[in-house]
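Enquirer:
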Amino acid sequence: MALQFFNTLTRSKEDFVPLDPAGKKVGLYTCGPTVYNFAHIGNLRAFMFEDLLRRYLEYKGYAVTHVMNITDVEDKIIRTVRETGKPLREITDFYTAEFFRDLATLNIQRAHIVPRATETIPGMIALIEQLIAKQHAYVGDDGSVYFSIKSFPTYGQLGHLDMENLQPGARVQHDEYAKESVADFALWKAWVETDGPVKWDSPWGPGRPGWHIECSVMSMAHLGASFDIHCGGEDLVFPHHEDEIAQSEAATGKPFVKYWLHNAHLLVEGKKMSKSAGNFYTLRDLLANGWTGREIRYLLLSAHYREQLNFTMDGLAGARSALQRIDEFLLKLMDMAKPPASDSFEAPHMFGAQFVGAMNDDLNISAALSVMFDFIRSINKKIVDNLLQPSEARAILDEWHEIDKVLGFGLPSKSEVPADVQALFAKRQAARQSKDFKRADEIRAQLTSLGWTLEDTPQGPRAKRL
RNA sequence: GGCGGGUUUGCCAAGUGGGAAGGCGGAAGUCUGCAAAACUUCUAUGAGUCGGUUCGAUUCCGACACCCGCCUCCA
Numbered sequence: 011m012a013l014q015f016f017n018t019l020t021r022s023k024e025d026f027v028p029l030d031p032a033g034k035k036v037g038l039y040t041c042g043p044t045v046y047n048f049a050h051i052g053n054l055r056a057f058m059f060e061d062l063l064r065r066y067l068e069y070k071g072y073a074v075t076h077v078m079n080i081t082d083v084e085d086k087i088i089r090t091v092r093e094t095g096k097p098l099r100e101i102t103d104f105y106t107a108e109f110f111r112d113l114a115t116l117n118i119q120r121a122h123i124v125p126r127a128t129e130t131i132p133g134m135i136a137l138i139e140q141l142i143a144k145q146h147a148y149v150g151d152d153g154s155v156y157f158s159i160k161s162f163p164t165y166g167q168l169g170h171l172d173m174e175n176l177q178p179g180a181r182v183q184h185d186e187y188a189k190e191s192v193a194d195f196a197l198w199k200a201w202v203e204t205d206g207p208v209k210w211d212s213p214w215g216p217g218r219p220g221w222h223i224e225c226s227v228m229s230m231a232h233l234g235a236s237f238d239i240h241c242g243g244e245d246l247v248f249p250h251h252e253d254e255i256a257q258s259e260a261a262t263g264k265p266f267v268k269y270w271l272h273n274a275h276l277l278v279e280g281k282k283m284s285k286s287a288g289n290f291y292t293l294r295d296l297l298a299n300g301w302t303g304r305e306i307r308y309l310l311l312s313a314h315y316r317e318q319l320n321f322t323m324d325g326l327a328g329a330r331s332a333l334q335r336i337d338e339f340l341l342k343l344m345d346m347a348k349p350p351a352s353d354s355f356e357a358p359h360m361f362g363a364q365f366v367g368a369m370n371d372d373l374n375i376s377a378a379l380s381v382m383f384d385f386i387r388s389i390n391k392k393i394v395d396n397l398l399q400p401s402e403a404r405a406i407l408d409e410w411h412e413i414d415k416v417l418g419f420g421l422p423s424k425s426e427v428p429a430d431v432q433a434l435f436a437k438r439q440a441a442r443q444s445k446d447f448k449r450a451d452e453i454r455a456q457l458t459s460l461g462w463t464l465e466d467t468p469q470g471p472r473a474k475r476l
């Protein structure tokens with residue numbers, strides 16, 4: 011099966027064919043964070059899905075250029091500036107650094123290019139000028155610039171909204187802006203007093219960019235007027251991505267994005283995450299409760315990205331157990347792995363092909379993981395029956411490294427056993443052999459206090475770190 | 001009000017017009033001086049409810065119930 015993605019634009023699964031005539035290069039733009047607060051796990055699910063997407067594209071051999079913006083000017087940031095009196099840059103630098111720390115904790119690969127909105131303002135002004143020149147935008151009485159929806163007939167295509175019959179939602183404030191039409195959106199927002207020191211000069215007076223324009227400018231600057239994939243949470247479909255399409259295509263006359271991929275939100279303990287419900291988590295909250303980035307990664311990754319994921323503490327415990335089982339499996343293989351004895355060695359049948367088959371179907375990670383666990387069970391059986399050759403173990407580990415480039419769980423490392431611990435192990439083994447079990451149990455307790463546990467296997471005792 | 005997604009075992013979660021993946025949990029067993037760990041096996045005659053189409057429906061269609069999302073700056 012060819013690689014397929016569900017494209018929000020067509021609401022159907024489509025074969026993935028890059029714009030690059032050679033079929034090699036892929037341009038990927040993912041909407042980044044607004045840096046006014048710590049990211050919560052809902053935010054992080056989106057970045058996790060995008061990480062899986064990028065890793066899988068790279069696994070498939072595509073040369074991916076990944077761009078992710080940092081939104082560092084926006085209403086809530088300005089509010090924070092006003093409330094704290096701190097310079098904007100101090101606030102956004104802090105939360106940007108925290109954001110990257112979160113990504114590192116979750117083993118999410120950083121985008122190749124990470125532009126900041128505030129460093130892209132000249133490009134935004136240039137694009138807005140183009141839109142005004144082409145009569146897709148107009149300057150309002152207050153000095154703000156608005157995009158004219160009616161100048162772009164296909165507006166509403168991504169969100170599948172019929173603009174003619176659209177009933178404004180409760181959040182629309184009709185009287186707030188000097189717009190010609192309620193649905194028109196701001197490209198440039200004129201400075202108002204509550205903006206305080208946050209302002210930039212423009213041909214239309216001081217102000218700041220609207221939200222949507224930054225993504226159009228930053229994506230096209232690095233990926234060209236047309237590029238392959240644009241991602242974000244499903245809430246961004248409308249208006250954010252709809253507006254990006256309108257601005258970009260109105261300015262360039264070219265199709266903006268070929269594939270739009272959106273991830274579903276998550277629930278926490280079966281409920282919508284909210285601060286008032288007490289189920290609102292940032293990564294630091296979870297780490298403080300003893301969970302690891304790896305466990306959180308596993309849980310966030312384990313459900314299909316277009317399905318709502320129920321994030322629960324039971325789920326995290328399940329992730330922990332599942333990862334332990336994987337680690338145990340890999341450690342066993344590491345213990346027995348040896349390079350093949352001869353050149354005629356044939357690698358054993360692996361699960362890679364089935365894994366790819368599942369992932370090709372719009373990143374069906376659940377099916378892919380089930381293939382992985384089936385494989386683990388089958389190899390465990392061979393180990394129990396003493397049928398697994400050391401060279402096979404080596405080959406499995408080699409392929410596992412490849413698969414892990416997609417999953418990003420990481421492989422366990424064999425811990426070096428210090429000499430004193432090794433000596434205790436030997437002493438206990440001697441005590442056991444002379445049937446002095448009381449002494450053996452004492453030594454086991456001693457090892458526990460040193461942070462080591464042991465497992466007696468047919469091949470002898472095995473040391474494990476607690 | 002409009003548009004869209006969903007409801008699968010104790011929990012999480014896939015696929016599928018004809019035998020319901022996988023993970024966690026649980027049970028039994030193997031191994032062990034004991035233990036732990038590991039491993040093996042088992043664990044939904046049933047798919048929100050009610051109808052319809054069909055030889056056959058969890059899967060298609062229609063109602064209803066409930067959950068969730070979007071409808072102008074929230075992943």
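For what it's worth, my numbering labels the leading residue of the first sequence as 11, then goes sequentially.
Note that CB positions come from ideal geometry on N, CA and C, so glycine has one too.
#1: Roughly how many angstroms lie between the CA atoms of H272 and L457, to the nearest whole one?
#2: Skipping 5 residues on each side, what residues in its chain have a beta carbon closer than 8 Å to that of A180?
#3: Starting from C241, follow the beta strand (DSSP E) in both directions and report where the run begins and ends.
#4: I'd like to check one pair, F195 with F157: are the Cβ atoms closer than 7 Å?
#5: Between which residues of its own chain and F266 is the CB-CB distance below 6 Å, once the five residues before and five after are set aside?
#6: Under the three-state reduction of DSSP, which class applies to W198: helix, strand or coil?
#7: Tell me which residue opens and which closes the alpha helix (DSSP H) that G52 is part of.
#8: Quick check on the DSSP output: the beta strand (DSSP E) that includes E473 runs from which residue to which?
#9: Is R506 near A436, with beta carbons less than 7 Å apart?
#10: Roughly how many angstroms lie between the CA atoms of E186 and A329, to the nearest whole one?
#11: Going by beta carbon distance, what residues of the same chain come within less than 7 Å of P146, once the five residues before and after it are set aside?
#12: By Cβ distance, which residues of its chain are closer than 6 Å to G42, with the 5 residues on each side in sequence left out?
#13: Could you name the residues that DSSP lists as bridge partners for E24?
#14: What whole-angstrom Cβ distance do A313 and L319 have, given they're in contact under 8 Å?
#15: Quick check on A298: buried or exposed, where buried means 16 or more other Cβ atoms within 10 Å of its Cβ?
#16: Do you know offhand how far D30's Cα is from T40's?
#17: Would you mind giving the Cβ-Cβ distance between D372 and F16, rounded to the nearest angstrom? I have them listed as a contact below 8 Å.
#18: Can you find the residues in the same chain that come closer than 6 Å, C-beta to C-beta, to I138, ignoring five residues on each side of it along the sequence?
#19: Would you please state the rounded distance, in angstroms, between the beta carbons of I135 and P213? I believe it to be under 8 Å.
#20: Identify every residue that forms a DSSP beta bridge with P265.
#21: In the structure shown, what three-state DSSP assignment does T292 receive?
#22: CB-CB under 8 Å to Q167, same chain, minus the five flanking residues each way: which ones, in chain order?
#23: Should the segment 122–134 be regarded as contacting the segment 228–245, the criterion being three or more beta carbon pairs within less than 8 Å?
#24: According to DSSP, what are the bridge partners of V36?
#25: Go to P219, then tell me how far its beta strand (DSSP E) extends in each direction, as first and last residue.
#26: Quickly, what does DSSP pair T458 with across the bridge? List them, please.
#27: Of the residues L434, S425, I453, D466, which one's Cα is nearest the Cα of L476?
#28: Check N320 in the structure and name its three-state DSSP category.
#29: Please return the same chain residues whose Cβ sits closer than 6 Å to the Cβ of E279, not counting the five positions on each side in sequence.
#30: Is the number of C-beta pairs between the segment 408–421 and the segment 384–394 that are closer than 8 Å three or more?
#31: Determine the direct distance from the alpha carbon of L340 to that of N396, and round the result to whole angstroms.
#32: Just to confirm my understanding: we take R55, look at its own chain, exclude 5 residues before and 5 after, and list those with CB closer than 6 Å. What are they?
#33: When you compare only the Cα positions, how much space is there between D61 and G263?
#34: Please return the same chain residues whose Cβ sits closer than 6 Å to the Cβ of L98, not counting the five positions on each side in sequence.
#35: Can you grab the Cα-Cα spacing for the pair A473 / D446, in whole Å?
#36: Please state the DSSP three-state secondary structure of L464.
Expert: For this structure:
#1: Those two C-alpha atoms are separated by around 50 Å.
#2: Note that A180 scores 42 on pLDDT, short of 50, meaning its location in the model is unreliable; the coordinates nonetheless yield the value given after this. Excluding sequence neighbours, A180 sits near nothing in its chain.
#3: In the DSSP annotation of this structure, the continuous segment of the beta strand (DSSP E) that includes C241 starts and ends at 237–243.
#4: In this structure, F157 places its C-beta atom within 7 Å of the C-beta atom of F195.
#5: The beta carbon of F266 sits closer than 6 Å to those of I255, S258, E259, all from its chain and outside the five residues before and after it, given in chain order.
#6: Secondary structure at W198: strand, using DSSP grouped into helix, strand and coil.
#7: Element bounds for G52: 51–69.
#8: The question names Glu, but residue 473 in the sequence shown is Ala. That run of the beta strand (DSSP E) goes 470–475.
#9: The structure shown does not extend to residue 506, since the chain is modelled only from 11 through 476, so no value can be given for it.
#10: Low confidence applies here, because E186 scores a pLDDT of 49, under 50, leaving its location unreliable; read the following figure in that light. The alpha-carbon atoms of E186 and A329 are separated by roughly 48 Å.
#11: Here residue 146 is His; the residue named in the question, Pro, does not match the sequence. Correct list, in chain order: F157, S158, S161, F162, A260.
#12: Once the five neighbours on either side are set aside, the close Cβ partners of G42 are M78, N79, I80.
#13: Paired residues: F15.
#14: A313 to L319, Cβ: 4 Å. Contact.
#15: With fewer than 16 other beta carbons inside 10 angstroms of its own, A298 counts as exposed.
#16: Each residue's Cα considered, the two are about 19 Å apart.
#17: Rounded to whole angstroms, the Cβ separation of D372 and F16 is 5 Å, and the two are in contact under 8 Å.
#18: Counting only Cβ-Cβ distances below 6 Å, and skipping sequence neighbours, we find V155, L197, W198.
#19: Yes, they are in contact, since the Cβ atoms of I135 and P213 sit about 7 Å apart, within 8 Å.
#20: Beta-bridge pairing links P265 to no other residue.
#21: Strand.
#22: Hits under 8 Å: L19, E252, I255.
#23: In short, these stretches touch, since the Cβ pair count reaches three.
#24: For V36, the beta-bridge partners assigned by DSSP are V74.
#25: First-last of the beta strand (DSSP E) with P219: 217–219.
#26: DSSP lists no partner for T458.
#27: The residue among L434, S425, I453, D466 with its C-alpha nearest the C-alpha of L476 is S425.
#28: The answer is strand: DSSP assigns N320 an E or B state.
#29: Correct list, in chain order: N289, T322.
#30: With the cut-off at 8 Å, the segment 408–421 and the segment 384–394 do not touch.
#31: So the alpha carbons of these two residues sit roughly 16 Å apart.
#32: If we look at R55 and ignore the five residues flanking it on each side, its Cβ neighbours are L276, L310.
#33: Rounded to the nearest whole angstrom, the CA to CA distance from D61 to G263 is 31 Å.
#34: The answer, listed in chain order, is V91, V208.
#35: Distance between the alpha carbons of A473 and D446: 20 Å.
#36: Note: L464 maps to strand in three-state DSSP.
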